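K.L.:
Dropping the structure in here first, questions after.
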Amino acid sequence: MADDFGYSEEIQEFAKEAVWKDGRWMAVIVKAIYEKYGREAIDVLCDAFYKFGEEEAKRYKKELGWEGREDEINVAVALRDIYPNVHKHIGAAGMEIERIKFSEKESESHVPFCYIHDAWKSVWPEGSHFMCEIISKAHDTGFMHGLNPKLEWTHHAEKLNEDGTRQEGLARGKEYCKMCLVLKED
10 MADDFGYSEE
20 IQEFAKEAVW
30 KDGRWMAVIV
40 KAIYEKYGRE
50 AIDVLCDAFY
60 KFGEEEAKRY
70 KKELGWEGRE
80 DEINVAVALR
90 DIYPNVHKHI
100 GAAGMEIERI
110 KFSEKESESH
120 VPFCYIHDAW
130 KSVWPEGSHF
140 MCEIISKAHD
150 TGFMHGLNPK
160 LEWTHHAEKL
170 NEDGTRQEGL
180 ARGKEYCKMC
190 LVLKED
């Protein structure tokens, strides 16, 4: 059975294995850096991944013919026409995605299973939330900003509440992570 991207089970299994290995080696490296340098290391990695996300978006805009057309990139275009291409080589790679809302102005998805999170957790259970912060929050925020500065990405597992607590997600034992993309008004 093909996934949402049209990839066969064989391709999906190959992709999951690649994501599993990538997640594990990344967790090992981040853990070692964090143990030596503390929170500052995570902040540096987040900054680097944000910049990488922006650069990746610029490259995809150019390759897919969206360069110079940022105002045309709304939520639907970003998620339907551009963002899937980032993952084209791996399909969904083990992420279950439940679309709750999807329009040109906003999207909300729930992710009840994330293979890369499980890979991190297998190596560094107490640090698996850093995966969400570095990859989903930093990289994906940078990617969406690179597509159109009016796009605002939120991975709610890493969103601060007004009282300073964090919203919950898979890395903190909840049933799913909530991810939203909104096109901000001027």
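Numbering follows this note's numbering, in which position 44 of the sequence shown is assigned residue number 53; successive positions increment by one, without gaps.
The beta-carbon is built from N, C-alpha and C at its ideal position, and this holds for glycine as well.
Please read all numbers here as calculations on a predicted model, not as lab measurements.
Could you tell me how far apart the beta carbons of Leu156 and Ile106 are, in whole angstroms, since I believe they sit closer than 8 Å?
P.N.:
Sequence index remark: in the sequence shown, residue 156 carries index 147 (1-based). Sequence index remark: in the sequence shown, residue 106 carries index 97 (1-based). Contact flag wrong, Cβ pair sits at about 19 Å.
K.L.:
Taking 7 Å as the limit between beta carbons, can you name the residues of its chain near Trp133, skipping five residues before and five after?
P.N.:
Against the sequence shown, residue 133 aligns to sequence position 124. Hits under 7 Å: Ala36 and Lys40.
K.L.:
With respect to the beta strand (DSSP E) encompassing Val86, which residues constitute its N-terminal and C-terminal limits?
P.N.:
Translated into positions along the sequence shown, residue 86 becomes position 77. Unbroken run through Val86: none, as it is neither H nor E.
K.L.:
Could you give the residue range of the alpha helix (DSSP H) that holds Ile42?
P.N.:
The residue given as residue 42 occupies position 33 in the sequence shown. Residues Glu18 to Tyr46.
K.L.:
Out of Leu88, Glu171, Ala24 and Phe23, which has the shortest C-alpha to C-alpha gap to Phe111?
P.N.:
Numbered from 1 along the sequence shown, position 102 holds the residue referred to as residue 111. Phe111 has its Cα closest to that of Leu88, out of Leu88, Glu171, Ala24 and Phe23.
K.L.:
Would you mind reading off the limits of the alpha helix (DSSP H) that contains Ser131?
P.N.:
By one-based count along the sequence shown, residue 131 stands at place 122. Element bounds for Ser131: Tyr124 to Val132.
K.L.:
Determine the extent of the alpha helix (DSSP H) in which Thr150 is found, giving its start and end residues.
P.N.:
In the sequence shown, the residue the question calls residue 150 occupies position 141. Segment Asp149 to Leu156, the alpha helix (DSSP H) holding Thr150.
K.L.:
Select from Ser145, Glu115 and Glu113 the residue whose C-alpha is nearest the C-alpha of Cys123.
P.N.:
Looking up residue 123 in the sequence shown gives position 114. With distances taken between Cα atoms, Cys123 lies closest to Ser145.
K.L.:
Going by DSSP, what residues sit across from Lys110 in a beta bridge?
P.N.:
The count along the sequence shown starts at 1 and reaches residue 110 at position 101. Glu117.
K.L.:
Going by C-alpha distance, which of Phe139, Glu117, Glu18 and His154 is nearest Ala180?
P.N.:
As a first step, residue 180 is located in the sequence shown; it is residue number 171 there, counting from the start. Checked all of Phe139, Glu117, Glu18 and His154; the closest Cα to Ala180 is Phe139.
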